[in-house]
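When the sequence shown is numbered by the numbering used here, its final residue is 578 and no position is left out of the sequence of numbers.
C-beta atoms are modelled at their ideal positions from N, C-alpha and C, and glycine is treated no differently.
Please read these numbers as outputs of a predicted model, since none were measured by experiment.
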Amino acid sequence: MTKLLCSVDALLLSAVLLPFASAALILALRNVRRAHEVLTLASSCTLVPILYRIYVLCAGSKGGAVLRYEMTSSLCIALQPEALGIMFALMVSLLWLITNVYTICYMNKTDSKNACHHPVFYACFAASIGCTLCVAFSGNIATLFIAYEMLTACTYPLIIHGLSASSIAGGRFYLKTLLCTSMLFFLPAVIMIYGLNGAAGLFGTASFISETHPAFLPILLILLCYGVTKAAIVPAHVWLPEAMVAPTPVSALLHAVAVVKSGVFTIIKITVYVLGVRGMGEYYATVSETIYNCNVLMYLSAATIIVGSIMAMRQSNLKKLLAYSTVSQLSYITLAVSMYTDGAIRAAVLQMVCHAFAKITLFFSAGAIYAVTGKTSVKEINGIGRAMPLTIAAFCIGALAMIGVPPASTFWGKFSILSEAMGNGHIMVVLTMVASTLLNTLYFVPIIYRAFFIKPSAKSGSSQKEAPVPMLAAMMATSACTITLFLHPNIVFGVLDRIGLAVTFPK
C-alpha cells in the first residue's frame, strides 16, 4: 500500500508540474525555431498517459494520496486525486492534446505575422492547463482558490495576444471582472467557510456547512454564485462574450478546456465536499421558502439558461453566438447541482464532460471557417457546407449536442437532469430545459440550413476549399468523442464509480 501511495504521489506531482515545466522550457527556448510547437505537443502527449495511470492506481485502491505543503499551522496547500478531480483532469488533458494539433495549424495559418509572440502564447496556454489541473486536484478550498486565481492570470495574456485595441480592452475587462468578483465574493466565502468550520475547508472530511451551520447557507451560496464568475451566471456572465476577441484556440480554451469548466467544476466540488449534498437537499426540503432562503442556485441557473439562449438568438457574429450559447449551456450543469441529490451530481458531471467535447467542436469549426474564408458572420456562411462539408458536418454534431438530441452525447446529460428533476418534483427545472431546447433549436438549425441549402452569393467566390488536415483531424476527433459518449455514456459514470465518488458520506 505504501508503494502504491508513493507511486500516486510521484505521478500526481508530475502531472501538475509538467505543464508548468513545459511553459518554462518554451520560454527558455523561444529563439529556437518550432521549439514551442514540439514542446507543447510532447507535453500534452505525455500528460494523458500519466493521468490515466493515476486513474488506474486510484481505481484499484479506491482513493489516492494527499500531497501537502504546510504554510501555517492552520493553512496548507493540498493536492489530492479523487473521483471528480480525476474525471475533470482526464477530460482537460485529452482536450489539450487535441487542441494543440488544431492550434499549431491555426496559428501558423492566421497569425504568422505575430510569430515572434507565439512562444509566449504557447507558454501561457500550457501554464493555464497546469492551473486547471491544480483546480482539479485541489485538496482543500484554499488550494482551490489559489489555483482558480492563477488560472485568471495565466489566461489574460492569451486574450490580449493580438495586441489590438479591441483585444486589450477585452482582456482588461476579463481581468477586472474576474479578479474583482473573486475578491469581493469568492474570498469572503472562503474566509467564511474556514471561520464557520475549518474542517469543512478540507475536501473529504465529511464535515459539511449544511449540517453544522445551515443558517449561513443563503449568504454563502450568493457569494459562491458571483464569486465563481467563471461559471458565467447572470449578470456576471458579461466577461465571456467580451473575451471572444481572442484567437479561436483561446476561445476553445475558455469555453471547453479550462476556464468556464473550472468555474462549474468549482461549484460542483464545493457543493460535494464543503456544503454537503445530502444536507443541502434536506435544508431545501424542510425550510419554508422565502426571498432569503430560496434555492438561489436553481433560480439563477434557470434565468441564465433562458437569458443566454435569447442573447444567442440575437447575435450575427458566429463566435459571439457560441459565447452566449456557452453562457446558457453552462447553467445546465449548475441547474443539475441545485437539485442536491446524488443522481443530480452525477448528471452534472456527465453534462460537463459531454458539453466540453461538443462545444470545442463548434469553436474548431468556426475557427476553420475563418481560417479558410475569413468569414465571421452567420450571414456570410451561405452554401459553405458544399465547399467545406467535413467542417460543417462537425459543426452539425456540435449543434445537435447544444440542442440535446441524438447522436450527441449531451442527450444523455439532459435526459439524466430531466429524469432527476421529474423524480424529485422540480417542475421549474423541467420547464427551463424544455424552453431552452426550443430556443437552441431556433438559433442553431438556421445556421445549418444556411450552410447547406442556401446558395452562396456571387461575390463570395467559388475558390473555397476544405480546412487544413490538422484542423480537420482535431474536429473529427472531438466529433468522434461526442458520438462515442452518446453510445457509451457509462464511460463517465465508470470513472466516478471505480474511484468512488463519495457524494453523501455515511453518518
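Of the listed residues the options, nearest to residue i (C-alpha basis)
{"i": "Leu319", "options": "Cys176, Gln151 and Phe435", "result": "At residue 319 the sequence reads Thr, which differs from the Leu that was named. Residue Phe435 is the option with its Cα nearest to Thr319."}
{"i": "Phe257", "options": "Asn268, Leu118, Leu234 and Leu215", "result": "Leu215"}
{"i": "Ala442", "options": "Pro312, Val540 and Gly379", "result": "Val540"}
{"i": "Val119", "options": "Leu98, Leu161 and Tyr520", "result": "Leu161"}
{"i": "Leu421", "options": "Gly438, Ala81, Thr508 and Gly475", "result": "Gly475"}
{"i": "Phe159", "options": "Tyr126, Val343, Cys202 and Ala207", "result": "Ala207"}
{"i": "Val87", "options": "Glu108, His107 and Ser114", "result": "Ser114"}
{"i": "Asn99", "options": "Thr397, Ser409, Pro285 and Val191", "result": "Note that residue 99 is Ala in the sequence shown here, rather than Asn. When each option's Cα is compared against that of Ala99, the closest is Val191."}
{"i": "Ser490", "options": "Ala479, Pro477, Val505 and Pro478", "result": "Val505"}
{"i": "Gly156", "options": "Leu122, Leu168, Tyr140 and Glu141", "result": "Leu122"}
{"i": "Thr360", "options": "Tyr297, Val305, Pro289 and Ala323", "result": "Before going on, a small fix: residue 360 reads as Glu here, not Thr. Out of Tyr297, Val305, Pro289 and Ala323, Pro289 has the C-alpha closest to the C-alpha of Glu360."}
{"i": "Ala236", "options": "Val563, Val316 and His308", "result": "Val316"}
{"i": "Leu371", "options": "Ile518, Thr503 and Ser253", "result": "Thr503"}
{"i": "Ala437", "options": "Ala240, Ala419 and Ala470", "result": "Ala470"}
{"i": "Glu141", "options": "Gly210, Tyr411 and Ala374", "result": "Gly210"}
{"i": "Val261", "options": "Leu166, Leu346 and Ile381", "result": "Leu346"}
{"i": "Asn185", "options": "Lys450, Ile212, Val109 and His232", "result": "His232"}
{"i": "Val348", "options": "Val328, Ile416 and Ser253", "result": "Ile416"}
{"i": "Ser409", "options": "Gln386, Val330, Cys296 and Ile468", "result": "Cys296"}
Collapsed DSSP secondary structure at residue i in the structure displayed
{"i": "Asn364", "result": "coil"}
{"i": "Lys578", "result": "Legend: pLDDT at Lys578 = 41, less than 50; position of this residue unreliable, no value from coordinates given."}
{"i": "Pro527", "result": "coil"}
{"i": "Asn511", "result": "helix"}
{"i": "Asn171", "result": "helix"}
{"i": "Ile67", "result": "No information on residue 67 is available, as it lies outside the stretch 72 to 578 that the chain covers here."}
{"i": "Leu138", "result": "strand"}
{"i": "Ala317", "result": "coil"}
{"i": "Thr73", "result": "In this prediction, Thr73 scores a pLDDT of 47, lower than 50, which makes its location untrustworthy; the coordinate-derived value is nonetheless stated afterwards. Three-state DSSP puts Thr73 in a helix."}
{"i": "Glu537", "result": "coil"}
{"i": "Ser480", "result": "coil"}
{"i": "Leu100", "result": "coil"}
{"i": "Thr80", "result": "Sequence check: residue 80 is Asp here, not Thr. Note: Asp80 maps to helix in three-state DSSP."}
{"i": "Asn185", "result": "helix"}
{"i": "Gly565", "result": "helix"}
{"i": "Pro306", "result": "coil"}
{"i": "His107", "result": "helix"}
{"i": "Gly496", "result": "coil"}
{"i": "Val127", "result": "helix"}
{"i": "Leu89", "result": "helix"}
{"i": "Gly571", "result": "coil"}
{"i": "Arg521", "result": "helix"}
{"i": "Pro560", "result": "coil"}
{"i": "Gly156", "result": "helix"}
{"i": "Gly298", "result": "helix"}
{"i": "Gly469", "result": "helix"}
{"i": "Gly475", "result": "coil"}
Near the ligand NAD: residue i beta-carbon under 7 Å from a heavy atom
{"i": "Ala415", "result": "No copy of the ligand NAD occurs in the structure displayed, which carries no ligand at all."}
Sheet register partners of residue i (DSSP bridge)
{"i": "Ile148", "result": "Tyr140"}
May I have a chain-ordered list of the beta strand (DSSP E) segments no shorter than 3 residues that lie completely inside the segment 388-459?
none
Evaluate the contact criterion for the segment 545-552 versus the segment 167-176: three or more CB pairs, one atom per stretch, below 8 Å.
yes
Any alpha helix (DSSP H) of 4 or more consecutive residues that is wholly inside the segment 325-382
330-341 and 348-357
Contiguous alpha helix (DSSP H) assignments of at least 4 residues, all confined to the segment 206-280:
212-230, 236-252 and 258-267
Mind the definition here: the segment 220-240 touches the segment 334-353 only if three or more C-beta pairs lie below 8 Å; say whether that holds.
no
At least three beta-carbon pairs within less than 8 Å, the segment 137-155 to the segment 181-195:
no
Taking contact to mean 3 or more Cβ pairs, one atom from each stretch, closer than 8 Å, check whether the segment 391-403 and the segment 450-465 are in contact.
no
Validate contact between the segment 398-417 and the segment 325-344 using beta carbons, cut 8 Å, 3 pairs:
yes
With a threshold of 8 Å, are at least 3 pairs of Cβ atoms found where one atom belongs to the segment 408-428 and the other to the segment 552-563?
yes
Is the segment 490-501 touching the segment 520-527, taking contact as three or more C-beta pairs under 8 Å?
no
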